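Numbering (full-length UniProt numbering), first residue to last: 1 to 291.
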Ligand SMILES: C[S@@+](CC[C@H](N)C(=O)[O-])C[C@H]1O[C@@H](n2cnc3c(N)ncnc32)[C@H](O)[C@@H]1O
């Protein structure tokens, strides 16, 4: 048998790499599912609260679960670098937190646990099964195909799901007006200096000198006169593109937009100029539009 030429060698290497990568797609859901499991069990909270590396037996006792099953979950999460293994004070193997596990604590300041729980909920996962039909037919949004109505009407009728959304989106405004749909503000916690106002932004919005629209405009199509989003060279570009897929699955016309696309919408909406400020270590950018 003759030796392989340069091109064939590259092809063989690419095929070998493809075989490794394809498993990521076959079992892509596993990472999300196990992280969801860890959040529900409050593994990150218990490990953090322990203050020093915790053994498997201490962890399973604290969580009240089988140490054999927990060992398998922890082995996966350590491999994902969500937790790390460290020696305990008496020299046995223990688990310790990482920067990622701190984001998975139920009530940490920068916790993203609620967002994981929302996106991994059966209600939010169902529309993904309709993605190809939605792309092929382009007549019925995926969320509507799965649930018969858009996400906001669905949330208004299903308080448990609305609570999941509200927890994930918890508004961090510290002053001014918090404006949202009536069923959302009716359960918003009181906060000093924040006035909750319910309404439909397509009917009217409260008068104010400045309006901050956070995670809102990407939910809507151009007809609704939306504004906001992402610099193409942003280091979170991959996440931005994933968010664009999420908008496709979960909203009727929502999308993530490039700077040029935002520019054209803002011009159409009558703004004279705008600036885009990326936020360090965040997927979002701030777009400031001037009348
Ligand atoms: C992705 S969440 C963003 C929440 C919040 N601004 C934040 O920073 O996390 C989008 C919000 O838009 C609200 N919303 C949807 N339709 C609306 C409408 N017609 N009028 C006012 N708010 C609306 C939803 O209830 C939801 O809370």
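All C-beta atoms in this analysis are idealised placements derived from N, C-alpha and C, irrespective of residue type, glycine included. In this text the structure is predicted, and so the values were computed from the model without any measurement.
Is residue 244 a contact residue of ligand 1, with contact defined as CB to any heavy atom under 8 Å?
no
Just to confirm the assignment, what range does the beta strand (DSSP E) spanning residue 176 have?
176-180
Using only CA atoms, which one of 287, 151, 183 lies nearest to residue 246?
151
Backbone CA spacing between residue 237 and residue 279 [nearest angstrom]:
13 Å
Excluding the five sequence neighbours on either side, which residues of its own chain have a C-beta within less than 6 Å of the C-beta of residue 292, listed in chain order?
Nothing about residue 292 can be reported from this structure: the residues present for the chain run from 1 to 291 only.
Closest by C-alpha distance to residue 82, when choosing among 116, 35, 118:
35
Can you determine whether any heavy atom of ligand 1 sits closer than 8 Å to the C-beta of residue 45, and answer yes or no?
no
Here's the rule I'm using: 16 or more other beta-carbon atoms within 10 Å means buried, otherwise exposed. How should residue 184 be labelled?
buried
Straight-line Cα distance separating residue 274 from residue 286
10 Å
When the distance is taken between beta carbons, is residue 104 closer than 9 Å to residue 44?
yes
On the three-state DSSP scale, how would you describe residue 256?
coil
Per-residue burial, residue 107 [other beta carbons within 10 Å of its own, 16 or more giving buried]:
exposed
If you check the beta carbons only, do residue 126 and residue 158 fall under 9 Å apart?
no
Report all residues from its chain with a CB closer than 8 Å to the CB of residue 46; omit the five preceding and five following residues, and keep chain order.
54, 59, 62, 63
Using only Cβ atoms and a threshold of 6 Å, which residues come within that distance of a heavy atom of ligand 1? Order them by chain position.
152, 169, 171, 180, 181, 184, 200, 201, 202, 214, 215, 216, 219
Comparing the C-beta of residue 36 with each C-beta of chain D, is any distance below 9 Å?
No chain D appears in this structure, which consists of one protein chain only.
How would you write the range of the alpha helix (DSSP H) that residue 72 sits in, first residue to last?
67-79
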